[in-house]
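Trainee: Please find one structure pasted underneath; my questions will follow.
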Amino acid sequence: MADHRHKRVTNARRKMPKAVAVSAPLAMAATVVAVSAGVIFGSPVSPALVADAEPSSLGTLAASSLGAQRSPEVSRDHGRAYLDPSQVASIDARADLKAARAATAKAIKNADTRLWATTDLNLWSESGKDAENLGEVAAGDKVLVTGRKAEGRTEIVLKGKSRWVTSGYFSDEKPVAAAAGLSMAPCPDPGVENGLTSGAVYVYRSVCHAFPQITSYGGWDNHGEHSSGRALDIMTSDSQLGTAIAEFLQSHAAELNLYDILWQQHIWTPVRSSEGWRSMPSRGSSTANHYDHVHVSVN
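Going by UniProt numbering, the residue at position 50 of the sequence shown is 50; the numbering climbs one at a time, nothing skipped.
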């Protein structure tokens, strides 16, 4: 007998594979993300790239696209802009120190001039007021100088290191050692020594300390014996004082290596010392006849 009950018929609609059912929403989401990223950041992601990408790589793809848009340009001074003033000052100070050390090393390397110290000189670690005293250079020592001067001091090289001493007390001639009763200690006016030979400097310093009341001297000049740097004028119109100075010079003529002494229109020379003071013809003025100064010169 025919069974007229309807049989259960399998749903004729085609089922979508599970993997496709899951991946479709993900692909749609990835597309939305990619399109959104393109709209927001101005660099759209290729639809083909999205379609071909594995679901697990879509997040990475979006992140890399976003990250690429956010990479800033970095300049040389980018980090410096975020330093506070004290940090900037510290960096500049280190740069200055490095440059100063390089300049000193170059000066030491190129130093090639040696001069004699005409007096004892303190050694300083640098030219500035905060310099440390490191000892002294003795009068008569021959030292290597760099040629650099700063703040009243001259740079020398001692045992391969930079040292500084007071300027104005070097000579290219070896100074004469002071004999008893004479002196090579500096005088109040070192400017008198400019252009003088070491022998004339010896006379100046000896007279300066023996007769401190004398405050005016004539050193180098472009006339007569003065043009050679070997002569000195000791200015005084006091007859008694001038005679005392002339006699002092006579008594030390050998140690001072004197050539002549002129005073009050008279001349005395070591080579004719047995003749004493010899009269000179008048030259006109009191200055020309040496009534207002004692003139002395060295060999």
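Think of the CB as a built atom: it goes at the ideal place given N, C-alpha and C, for glycine as much as any other residue.
Give the straight-line distance between the Cα atoms of Asn238 and Tyr204, rounded to the nearest whole angstrom.
Mentor: The sequence as given places Asp at residue 238; Asn does not occur at that position. One C-alpha to the other measures close to 19 Å.
Trainee: Three-state secondary structure (DSSP) at His266?
Mentor: Reduced to three states, the DSSP call for His266 is strand.
Trainee: Can you tell which of Ala210, Ser216, Arg148 has the C-alpha that lies nearest to the C-alpha of Glu193?
Mentor: Looking at the Cα atoms, Ser216 is the closest of the given residues.
Trainee: For Gly219, which residues does DSSP report across the bridge?
Mentor: DSSP, once it has assigned bridges, lists no residue as partnering Gly219.
Trainee: Which residue spans inside the segment 123-166 form an unbroken alpha helix (DSSP H) run of at least 4?
Mentor: Listed in chain order, nothing qualifies, since the segment 123-166 has no complete alpha helix (DSSP H) run of 4 or more residues.
Trainee: Under the DSSP definition of a beta bridge, which residues are partnered with Arg114?
Mentor: Paired residues: Leu144.
Trainee: Whole angstroms are fine: how far does the CA of Glu225 sit from the CA of Ser279?
Mentor: About 19 Å.
Trainee: For the beta strand (DSSP E) holding Val203, just list the boundary residues, first then last.
Mentor: Val203 -> not in any beta strand (DSSP E); alpha helix (DSSP H) instead, spanning 198-210.
Trainee: Less than 8 Å between the C-beta atoms of Glu173 and Thr197, yes or no?
Mentor: Against a cut-off of 8 Å, the Cβ pair of Thr197 and Glu173 comes out as a contact.
Trainee: So who's on the other strand from Phe170, going by DSSP bridges?
Mentor: Beta-bridge pairing links Phe170 to Ala117.
Trainee: Who are the near neighbours of Val294 in its chain, counting only those whose CB is closer than 6 Å to its CB and skipping five residues on each side?
Mentor: Counting only Cβ-Cβ distances below 6 Å, and skipping sequence neighbours, we find Ile234, Gly242, Ile245, Ala246, Trp263.
Trainee: Once you ignore the five residues that flank Gly135 on each side, which residues in its own chain have a CB closer than 7 Å to its CB?
Mentor: These residues qualify, in order along the chain: Leu123.
Trainee: Please name the residue, chosen from Ser206, Ala95, Gly229, Ile267, that lies closest to Pro281 on a Cα-to-Cα basis.
Mentor: Nearest option by C-alpha distance: Ile267.
Trainee: Could you please give the first and the last residue of the uninterrupted beta strand (DSSP E) stretch that includes Ala231?
Mentor: Segment 231-235, the beta strand (DSSP E) holding Ala231.
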